[in-house]
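The sequence shown lines up with residues 2 to 228 when you count with our numbering.
Before any comments, here is the structure.
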Amino acid sequence: MLDDIQVLGRDGAVSTQNKVLRNTYMMLGLTMIPTVIGAVIGMGINFSVIAQHPFIAFGAFMLVTMGMQMAITANRNSSIGVALLFVYTFLLGLMLGPILQHAAHLQNGAQLVGLAAGSTGLIFLTMAAIGATTKKDFSYMGKFLSIGVMVVFIAIIANIFLHLPAFSIAISSIFVMISSAFIMYEVNQIVRGGETNYVMATLSLFISIYNIFTSLLNILMSFSGRD
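Below, the structure is given as structure tokens:
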């Protein structure tokens, strides 16, 4: 009898984890709609103020995104959290405007955007598959990855003043690696029951995908962009 109860408990836990994973993937797909809409609108916005005041613009961007993330976290168990998640992804889509405008002025800009998007998708599928199928528990990686993100943001702030192209490429490369590891970590947390809220899981995965795409596009334009 005890063995039967334990089996039922394990089966129930696995079913719950699979449901969270399915809901996360479904919500992640839906967030791409406001992101694309925001990106299209963003391409038509004049972002010259960002070029004139990059530090202030970066600070404002961080305040808005951190505020939205806190609001989503506070409402993660309600429909308000889902609505805020869509608003957040729309705003991040808008903020793709400057980099997409830069790509649009390159002869091969469309190809580079497509390559960055395709590579991002491939990275996501690969890292998500590893996180979902491996028997290893990656929960220990959480603190190291969070520290890595903080170091990268400090480097970004420093490069606002330094304006070093090589440093920018290095930052983007590191961001791709950290964000890729975050995807593996987050999916692993879901399948092991460490993350049970699909709104928070979607938020984490979306941010990682967003960072990978923008970082890859920055690297591709630096090496392969043709005026």
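Ideal Cβ positions, reconstructed from N, Cα and C, are used throughout, including at glycine.
Note that the coordinates shown come from a computational prediction; the quantities given were computed from them, not determined experimentally.
*asked:* My assumption, with CB atoms under 8 Å, is that Thr25 sits in contact with Leu206. Please give the rounded CB distance.
replied: Distance from Thr25 to Leu206 at the Cβ level is roughly 7 Å; contact confirmed, criterion being Cβ atoms closer than 8 Å.
Exercise. Given a cut-off of 9 Å, decide if Leu123 and Met222 are closer than it, judged by their beta-carbon atoms.
Key: Judged by beta-carbon spacing, Leu123 lies beyond the 9 Å limit of Met222, meaning their Cβ atoms are not closer than that value.
By DSSP, does Phe224 sit in helix, in strand, or in coil? Helix at Phe224.
Exercise. Could you round the C-beta distance between Leu101 and Met44 to whole angstroms and report it? I think they count as a contact, below 8 Å.
Key: Leu101 to Met44, Cβ: 5 Å. Contact.
ask   = In terms of residues, what are the limits of the alpha helix (DSSP H) holding Phe59?
value = Counting along the chain, the alpha helix (DSSP H) containing Phe59 begins and ends at Pro55 to Ala75.
Checklist line | For Arg193, three-class secondary structure by DSSP | finding: It is coil, neither helix nor strand.
* To do: Could you check which residue in Ile220, Gln190 and Leu163 has the C-alpha nearest to that of Ile170?
  => Comparing Cα positions, the closest option is Ile220.
Burial state of Ala84, where buried means 16 or more other Cβ atoms lie within 10 Å | It is exposed - the Cβ of Ala84 has fewer than 16 other Cβ atoms within 10 Å.
**Report entry** Anticipated Cβ contact below 8 Å, Gly149 with Tyr186, distance rounded
**Finding:** Your pair Gly149 and Tyr186 does not check out as a contact, with CB atoms roughly 11 Å apart and the cut at 8 Å.
Item to check | Buried/exposed call for Val152, threshold 16 Cβ in 10 Å | outcome: The residue in question, Val152, is exposed, as its Cβ has fewer than 16 Cβ neighbours within 10 Å.
field: Supposed close pair Thr203, Met28 - CB separation, criterion 8 Å
entry: Confirmed, about 4 Å.
Going by Cα to Cα distance, which pick from Asn109, Thr215, Leu97 and Ser181 is closest to Leu126?
The option with the nearest alpha carbon to Leu126 is Ser181.
In this structure, does DSSP put Leu217 in helix, strand or coil?
Correct three-state label for Leu217: helix.
| task | Would you mind sorting Met33 into buried or exposed? The rule is 16 or more other CB atoms within 10 Å of its CB. | result | So Met33 ends up on the exposed side.
Short check: CB of Gly143 to CB of Met96, under 9 Å?
-> Not a contact, by the Cβ cut-off of 9 Å.
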